[in-house]
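Each remark here refers to the structure printed beneath this line.
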Amino acid sequence: DGGITQSPKYLFRKEGQNVTLSCEQNLNHDAMYWYRQDPGQGLRLIYYSQIVNDFQKGDIAEGYSVSREKKESFPLTVTSAQKNPTAFYLCASRGLAMNEQFFGPGTRLTVL
Amino acid sequence: GQQVMQIPQYQHVQEGEDFTTYCNSSTTLSNIQWYKQRPGGHPVFLIQLVKSGEVKKQKRLTFQFGEAKKNSSLHITATQTTDVGTYFCAGLRIQGAQKLVFGQGTRLTINP
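Quick mapping for you: the protein sequence lines, in order, are chains A and B.
Here the first sequence is numbered in this note's numbering, starting from 1 and rising by one per residue.
Here the second sequence is numbered in this note's numbering, starting from 113 and rising by one per residue.
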């Protein structure tokens, strides 16, 4: 997991503002994922990308956007359209030859 | 859509007691993975099961994959305080995109 970094660890924003969460990996993994975790709940998939310049919606993509311009980077933008953005956001990556996902340390977003 | 149900949601045990969490999928899975998330941390991969009826052991942890590849369990023998955390199962679908569907997790707390 040391190969995936997310910044910042804690983020505060005012309601109505867009915010971008960073995710960088140096594992040379092709696939990257964004999950949202709410208290007492499992991980829900927001977006995923299996190759540069391509990404797909997950189960809860509404109010979020992503880009995959570089293999190492998969930033997530939480837009003002997301009704309940306060949550713990986890980024993960996976090599194509494996199924195991490696998670970053997460970003805890609080919208005031 | 596919669902992966995990029970119980919470489990509190005395140190030294055994612990089991169960995972059930609404559809057949290609494989199932287990992750552990320590309090305040991020999920860390424990193991992957692929074959029908497969049983794998890691020291005091025993993982099973059902014959129909729709259910799985994780059993911890003689729990220790280091076992505290939330345990997630995650199923990989046979058809569709290579993405995991996570159970809600079982949060294990231990009385020393």
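C-beta atoms are modelled at their ideal positions from N, C-alpha and C, and glycine is treated no differently.
Members of the stretch 159-186 of chain B that neighbour chain A once the beta carbon cut-off is set at 8 Å: Flagged, chain order: Gln160.
Contact belief for glutamine 121(B) with glutamine 216(B) at Cβ below 8 Å, rounded distance in angstroms: The residue labelled residue 121(B) in the question sits at position 9 within the second sequence. The residue labelled residue 216(B) in the question sits at position 104 within the second sequence. Indeed they touch by this definition, with Cβ atoms about 6 Å apart.
Where the beta strand (DSSP E) containing lysine 169(B) begins and where it ends: If you number the second sequence from 1, residue 169(B) lands on position 57. From DSSP, the beta strand (DSSP E) with lysine 169(B) extends over 167-170.
Residue-chain proximity (phenylalanine 103(A), chain B), Cβ-Cβ < 8 Å: The residue labelled residue 103(A) in the question sits at position 103 within the first sequence. Cβ-Cβ to chain B under 8 Å: yes for phenylalanine 103(A).
Asparagine 53(A) versus phenylalanine 214(B) - alpha carbon distance: Numbered from its first residue, the first sequence carries residue 53(A) at position 53. Numbered from its first residue, the second sequence carries residue 214(B) at position 102. Rounded to the nearest angstrom, the two C-alpha atoms are 26 Å apart.
Chain-ordered chain A contacts of proline 151(B) [CB-CB under 8 Å]: Along the second sequence, read from residue 1 onward, the residue named residue 151(B) stands at position 39. Within 8 Å Cβ-Cβ: nothing; proline 151(B) doesn't reach chain A, min ~12 Å.
Per DSSP, the bridge partner or partners of asparagine 143(B): The residue given as residue 143(B) occupies position 31 in the second sequence. Within the DSSP secondary-structure output, asparagine 143(B) pairs in a beta bridge with Leu204(B).
Aspartate 1(A) versus alanine 81(A) - alpha carbon distance: The residue you call residue 1(A) lines up with position 1 of the first sequence. The residue you call residue 81(A) lines up with position 81 of the first sequence. Caution is warranted here: a pLDDT of 46 is assigned to aspartate 1(A), below 50, making its placement in the model unreliable, and the coordinate value is therefore given only provisionally. When rounded, the distance between both Cα atoms is 31 Å.
Local conformation of threonine 79(A) per DSSP, three classes: Within the first sequence, the letter at position 79 stands for residue 79(A). Three-state result, threonine 79(A): coil.
Extent of the continuous beta strand (DSSP E) run through valine 116(B): Locating residue 116(B) in the second sequence gives position 4, where the first residue counts as 1. Looking at the DSSP string, the run of the beta strand (DSSP E) that includes valine 116(B) is 116-119.
Residue of Val19(A), Ser49(A), Asp59(A), Pro85(A) minimising C-alpha distance to lysine 71(A): Start at 1 with the first residue of the first sequence, and residue 71(A) comes out as number 71. Considering only Val19(A), Ser49(A), Asp59(A), Pro85(A), the residue with the shortest C-alpha distance to lysine 71(A) is Ser49(A).
Cutoff 8 Å: lysine 145(B) Cβ touching any chain A Cβ: On the second sequence, position 33 is the one that residue 145(B) refers to. Strictly speaking, residue 145(B) in this sequence is glutamine, with lysine absent from that position. With 8 Å as the cut-off, glutamine 145(B) counts as an interface residue toward chain A.
Sub-8 Å separation of lysine 211(B) and serine 137(B) beta-carbons: Position 99 of the second sequence holds residue 211(B). Position 25 of the second sequence holds residue 137(B). Not closer than 8 Å, so no.
Environment of alanine 92(A) [buried if 16+ CB atoms lie within 10 Å]: Within the first sequence, residue 92(A) is the residue found at index 92, counting from 1. Classification of alanine 92(A): buried, given that the 10 Å Cβ count is 16 or more.
8 Å Cβ cut-off: residues of chain A touching phenylalanine 157(B): One-based indexing of the second sequence puts residue 157(B) at position 45. Per Cβ cutoff of 8 Å: Glu100, Gln101, Phe102.
Contacts of glutamine 41(A) in chain B (Cβ-Cβ under 7 Å): In the first sequence, residue 41(A) corresponds to position 41, counting from 1. Going along chain B in sequence order, the residues near glutamine 41(A) (Cβ under 7 Å) are Gln216.
Neighbouring residues, chain B, relative to leucine 130(A) (Cβ below 7 Å): Nothing about residue 130(A) can be read from this structure; chain A reaches only from 1 to 112.
Proximity of isoleucine 159(B) and lysine 168(B) at Cβ, strictly below 8 Å: Against the second sequence, residue 159(B) aligns to sequence position 47. Against the second sequence, residue 168(B) aligns to sequence position 56. It is a contact, given that the beta carbons lie within the stated cut-off.
Alanine 31(A): first and last residue of the uninterrupted beta strand (DSSP E) it sits in: The residue given as residue 31(A) occupies position 31 in the first sequence. For alanine 31(A), the uninterrupted beta strand (DSSP E) segment begins and ends at 31-37.
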